[in-house]
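S.K.: Chains as they are written, first to last, in the numbering used here: chain A, 1 to 358; chain B, 359 to 716; chain R, 717 to 1074; chain Z, 1075 to 1432.
Number of protein chains: 4
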Amino acid sequence: MAETMRAAVFRGKEDIHIEEVAKPECGPTDAIVRVTTTTICGTDSHIWREEYPVSNGRIVGHEPVGVIDQVGEAVRGYEVGDRVVVGAITPCGACYFCQHGDFSQCAGYDDEWGLIGGWRLGNSADGVQADYFRVPYAQANLAKIPDGLSDEEVMFVTDIASTGISAAETANVRIGDSVVVYAQGPIGLSATAGARLMGASLVIGVDSNPVRLEMAKRMGADVVIDYTQEDPVAKVKELTDGRGADVAIEALGIQETFENCLKSVRPAGVVSSLGVYGDKVTVPLEGFVYGIGDIDIRSTLCPGGKERMRALMSMVQAGRLDLGQLVTHRFDLDDIEEAYPLFSNQEDGVLKVAITTD
Amino acid sequence: MAETMRAAVFRGKEDIHIEEVAKPECGPTDAIVRVTTTTICGTDSHIWREEYPVSNGRIVGHEPVGVIDQVGEAVRGYEVGDRVVVGAITPCGACYFCQHGDFSQCAGYDDEWGLIGGWRLGNSADGVQADYFRVPYAQANLAKIPDGLSDEEVMFVTDIASTGISAAETANVRIGDSVVVYAQGPIGLSATAGARLMGASLVIGVDSNPVRLEMAKRMGADVVIDYTQEDPVAKVKELTDGRGADVAIEALGIQETFENCLKSVRPAGVVSSLGVYGDKVTVPLEGFVYGIGDIDIRSTLCPGGKERMRALMSMVQAGRLDLGQLVTHRFDLDDIEEAYPLFSNQEDGVLKVAITTD
Amino acid sequence: MAETMRAAVFRGKEDIHIEEVAKPECGPTDAIVRVTTTTICGTDSHIWREEYPVSNGRIVGHEPVGVIDQVGEAVRGYEVGDRVVVGAITPCGACYFCQHGDFSQCAGYDDEWGLIGGWRLGNSADGVQADYFRVPYAQANLAKIPDGLSDEEVMFVTDIASTGISAAETANVRIGDSVVVYAQGPIGLSATAGARLMGASLVIGVDSNPVRLEMAKRMGADVVIDYTQEDPVAKVKELTDGRGADVAIEALGIQETFENCLKSVRPAGVVSSLGVYGDKVTVPLEGFVYGIGDIDIRSTLCPGGKERMRALMSMVQAGRLDLGQLVTHRFDLDDIEEAYPLFSNQEDGVLKVAITTD
Amino acid sequence: MAETMRAAVFRGKEDIHIEEVAKPECGPTDAIVRVTTTTICGTDSHIWREEYPVSNGRIVGHEPVGVIDQVGEAVRGYEVGDRVVVGAITPCGACYFCQHGDFSQCAGYDDEWGLIGGWRLGNSADGVQADYFRVPYAQANLAKIPDGLSDEEVMFVTDIASTGISAAETANVRIGDSVVVYAQGPIGLSATAGARLMGASLVIGVDSNPVRLEMAKRMGADVVIDYTQEDPVAKVKELTDGRGADVAIEALGIQETFENCLKSVRPAGVVSSLGVYGDKVTVPLEGFVYGIGDIDIRSTLCPGGKERMRALMSMVQAGRLDLGQLVTHRFDLDDIEEAYPLFSNQEDGVLKVAITTD
């Protein structure tokens, strides 16, 4: 008789709850990981609200910390019992996109490009808000956790930190640059940290939530702007000798922040876009300088792969990146039904939740 | 008594005509060049139609070939009589933007950023459709013409070739890439040439004008698409195994081509935008993959500076780039009033005109 | 009873001969390819001369064209009978190096870094001068051959073309650059082609062999220099206004050409090194400008992976890259013992040999 | 009668002393700056020892902080009395090299390439250890000092900080990288700071001087190695899982440290070289992996220009870069004869000296 386990399953609008399901099976290039800690992402909230489509019955979640339970026969260098994280994006390492370095858009062994990118866990395949999950392309995606780091310290490298920091990397932030980050949710906060880590001399965080603005300072912002109190575009110009920021990072996914980014950058500046847009956006004529301002708009999905995970965990270990401070609430997996509305509706000052299986 | 000269002066809608005006004076960092050949650009047509604002009385034109007539006292290494071209964009080499490598957005010695960029000739300063013009920042902008090259062979390096080729450079076209270029006017044709020169293995030109599609093949296109006969996006997908092009170049400046570029590129592809947009453009949701497709939209103005001119003229000299073939009509400066409507209305199969002063 | 096959086996100094050996077995991530055409590389000659160590009994060769015979259970998207090439370098796509984009230094699933890099075939694993060979990490390395291309047309993308062209790519050759390539053997000829394909306006080939200098012109050189007739460094300076080349490519692996590269480049120029050095080399003080000339020395091993193979084959298919013309001699696999001395001693005007199995 | 001033003049081996000389004159593109604070560089020590040649009578020094005294007629945007720094390297912004972004190798308006690069002050032109100095290409080189920063806080951006940090920039240090810096003199310390500022997760400083190793920790090193106590190459390997560092920075200019860099980097790693080599260096065969390790050796001179100065001063202002702590000794210009032997012989625990004119 097949083994079973608990899993958070999507069943419809605002209906994600724990069910007892079959434990996943391990193919030759897979691993099975027992989850110890996971979290809920803004994207999961979109799924919960039925704003982003996944199939009925899908196990959700894509930010796992855990322990290896089984290793596929073709996978080498891992042992049952190894503590690991697996990124939200699971590149295969072999397709057209991976071989171009575009891991996030991985088409997998089946070359299914443009449909789902490299985001499989909790999207096109079952996810990690469960006792166990299957790791596809395990050789490329199992990242061992350095000794001495707790689950909560490393959990956010799997998605928000990788995504947020990539905004600064994609924009090629240079020493002495000025960077403005629109929206200081978990991903925007990570982008703020990323801009600081790459050597910006001026990092500006924009939001209206005082808790988030305060956290922005702790994550690396030199200046914060409450956009309900002052015009952020005007303030950015003032802080940059009238020139505009070298880089503007969009971390929300709506017209207003997208447009403010374009209005905030200097000629030949870069808009680095992280937000998941629910609707088409319009490029304002002057912000885009009629197309002749040498402006770049670069969009980024979350970089994955075990080396990305290693790099980010090494930053945590070195004390450069304090991600654990983003956890404001903790739940047992059995109580994840309570965690979804709390997180999705931003109740009780929540930033991020930790979901544990014990 | 001041010397005078002939010059094409903007006086209002569809009114650019020759007037006798004062010959320009040479400041310490300037040069005066006697124009031998020049041309009319699409941007000049916008001015002629009063779609792009320049001051009444402005001498227009920004694509000069000529001979040095005077050299400012601070300028070294040039002699009266040297044959030169000067790019449409005249970087100062000293401002914030130039020192970041963003020459096109040059703010000049007066640090006037974002107003005009580095485009001064025939825009914020008097232009080159005249017997003489003043070269600002002459040390950075006088490019000597290699022996043996005619005016018509080198004239287009000053703007359309520099602009068009920069689209491929900005997109970082790699050996083996597929590139589609939307619109095959003079700038799109140069982009087609640029994609080929950088090593694309598949260059696709899109237009509806049979003369331009034919020229696209001569400039480097492997395949041409008449968008009135077939859906270009579908055809690009078909030619790229369903994946989409690595790079799509926009060379017109309207919503349709902008949108087709986004729809034509593969995940993690690059849209390289050259068009001067007359209106705001909308980013289609699916073309931009909800912001998570790792798509870049990069815009480029014309790179300038004497080294850019040298590099492009060296390509002409080496036989890699045949720009002279774009000249379809020739006029004397005295007859430039006839040339404007012909070129602006695309009459008589015109691609580019040559305007000579003799 | 196990199947057997013919294979060229290394047995000692100047002793590579055909033996009947066991046909390789196919693991879950492997494929078995039946070889139709292969060739001998300069590195194989080093093995033949016992200058480069491989184990006694090793099947040699790393440049295969063939047909898929078996596919491992974890590999998808390939069928028995597909015509394929496999690069000399077989990246796993999953290790530290592959995830950094350094495919050539692939450490494999076993993380054996720095020992052999990604060069397995005919080096740390059995090679392809045989009726069959095993493809490691098959999902990342099987590259289907486009219809209409012959074995000889595509064979050299597996190593010499990939290596040679990478020298230009690593050096980031730009439109209008000047490039000198020292030594016009098969790899140097490919580097010459690469510099031309990326947009150099001046490509200079240096050698003493008239056949190779003539081929250099056909592969893309604008100027060739016979270093026995004139000083190549002085000539390069003369051709570049005294400045030096933007890029110098080393394609031999000895002190003289290495040093000439450093002496040939302009300040802030790039030396792109391809040669396999048999001895330590010395950086001349003036060529390196005391360390303050902003000179880069970049070395490159052959890029591999199926996408690299696709990209290069697409160049062949588009008519941009004529590699078939390098084949001067043809042998049956049974006669490979004759081919080794002929190729290794550069007898009879040989450039490259084709070895066929039928 | 011409105005005179004090200046430190080179007169022979170990003979740099104060003389009364003519105050410099201001050409149209120049400025005259009254020096308030300057320092002595390792290169000045080479001059003092007659190891690096400058003409007899040359005013030495290239790291000035001061106040504008005169502005040339072609220079705009500056006022007499503005507090400024000027980088050791003074790019013209107009030559072949500047337009390629290679400011340090600037050939100037006279196109004198490869002779002196962009290092003019105290080398090919008179320097700044004086009451006044002439700023060539003033428009590109006068960098205003932000309010609130002292002379000592900004002085080192002119050379050592720009040079040291450029080693990390040239090597493209990425978030999560490991970097080892060989030698922790003032430039090595700045390189250590640069690696940290760009996001390395492991910065290793190597030296034998305990004071410098202690300062290395304050500038950003996570680990320091006293090479007299343990083998630095072995230790670097141990700290990087046996792989080697991603980047090794050479900051001394001798065979031993150059060779240790090559031995310390991983396959496909980067050696970033800052040292001024007094003799040719040898590339060890194994460290260079026979030329097939994808190793890069990149050398860098000090980046200059006013925007570089602005960027670095903005880091000081933001509290990211504490350069003032490197000043250990202070002298009046009149006493510079005492400062030279003290600094050059590394007496009394000196790191850097400040020379003031009041």
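All residues carry an ideal CB built from backbone N, CA and C; glycine is no exception.
1. Among residues of its own chain, excluding the 5 on either side of Y454(B), which ones have a beta-carbon nearer than 8 Å to its beta-carbon?
2. Would A526(B) be called buried (16 or more neighbouring beta carbons within 10 Å of its own) or exposed?
3. So is D1012(R) buried or exposed if we call it buried at 16+ other beta carbons inside 10 Å?
4. Taking only the alpha-carbon atoms, compute the straight-line gap between T1266(Z) and S657(B) and give it to the nearest angstrom.
5. Answer yes or no: does any C-beta atom of chain Z fall closer than 9 Å to that of Q457(B)?
6. Taking L968(R) as the reference, give the member of Y898(R), V800(R), C1018(R) and C742(R) with the closest Cα.
7. When the Cα atoms are used, what is the spatial distance from G936(R) to R912(R)?
8. Would you verify that the beta carbon of E1243(Z) is, or is not, closer than 9 Å to some beta carbon of chain A?
9. At a CB-CB cut-off below 7 Å, which residues of chain A make contact with M1293(Z)?
10. I believe A1342(Z) touches G1365(Z) by the beta-carbon criterion, under 8 Å. Please report the beta-carbon distance rounded to the nearest angstrom.
11. Could you give the first and the last residue of the continuous beta strand (DSSP E) run that contains S1346(Z)?
12. Going along the chain, which unbroken runs of the alpha helix (DSSP H) with 4 or more residues stay wholly within the region 494-552 of chain B?
13. From the DSSP output, which residues share a beta bridge with A1428(Z)?
14. Report the residues of the region 1416-1432 of chain Z with a CB closer than 7 Å to any CB of chain A, ordered along the chain.
15. Looking at V582(B) and D604(B), is the spacing between their C-beta atoms short of 9 Å?
16. Closer than 7 Å by beta-carbon distance: list the chain R residues that pair up with W1122(Z), in chain order.
17. Taking just the CA atoms, how far does L1017(R) sit from G904(R)?
18. Run through DSSP, which three-state label would Q1303(Z) get?
19. Bridge partners for T754(R) per DSSP, in chain order?
20. Residues in its own chain within less than 8 Å of D1050(R) by CB, not counting five upstream and five downstream?
21. Mind listing the chain R neighbours of D294(A)? Cutoff is C-beta to C-beta under 7 Å, in chain order.
22. Which value, in whole angstroms, describes the spacing of the CA atoms of S1338(Z) and D1251(Z)?
23. Checking 9 Å against the spacing of the C-beta atoms, do T874(R) and G803(R) come in under that value?
24. Within a Cβ cutoff of 7 Å, which residues of the same chain sit near Y410(B), ignoring the five residues on either side of it in sequence?
25. Just to confirm, is the Cβ distance from W406(B) to Y635(B) under 9 Å?
26. Going by the DSSP bridge assignment, what does L1195(Z) pair with across the sheet?
27. Helix or strand or just coil, what does DSSP make of F616(B)?
28. Please check if any C-beta of chain A sits within less than 9 Å of the C-beta of C808(R).
29. With which residues is S657(B) paired in a DSSP beta bridge?
30. Over what stretch of residues does the beta strand (DSSP E) that includes M5(A) continue unbroken?
31. Look at K710(B) and L684(B) and say whether their C-beta atoms are less than 9 Å apart.
32. When the Cα atoms are used, what is the spatial distance from S1060(R) to T1244(Z)?
33. Would you give the residue range spanned by the beta strand (DSSP E) that R308(A) belongs to?
34. Please confirm if D440(B) has its CB atom under 9 Å from at least one CB of chain Z.
35. Should D1296(Z) and A318(A) be called a contact, given that it needs their Cβ atoms to be closer than 9 Å?
36. Going along the chain, which residues of the region 552-572 of chain B sit with their C-beta nearer than 7 Å to a C-beta in chain R?
M.R.: With the given structure in hand:
1. A465, D469 and W471
2. buried
3. buried
4. 36 Å
5. yes
6. Y898(R)
7. 6 Å
8. yes
9. Chain A residues near M1293(Z): none, gap ~14 Å exceeds 7 Å.
10. Not a contact, Cβ separation roughly 13 Å.
11. V1339 to S1347
12. 496-499, 509-512 and 518-528
13. R1404(Z)
14. none
15. no
16. Correct list: empty, because the minimum Cβ distance to chain R is about 17 Å.
17. 13 Å
18. coil
19. I1071(R)
20. R722 and I734
21. In chain order: nothing, as chain R lies at least about 18 Å away.
22. 14 Å
23. yes
24. T401 and H404
25. no
26. A1199(Z)
27. helix
28. yes
29. S631(B)
30. T4 to G12
31. yes
32. 40 Å
33. Where R308(A) is concerned, there is no enclosing beta strand (DSSP E), although the alpha helix (DSSP H) it sits in stretches over K306 to Q317.
34. no
35. yes
36. L555, M556, G557, S559 and L560
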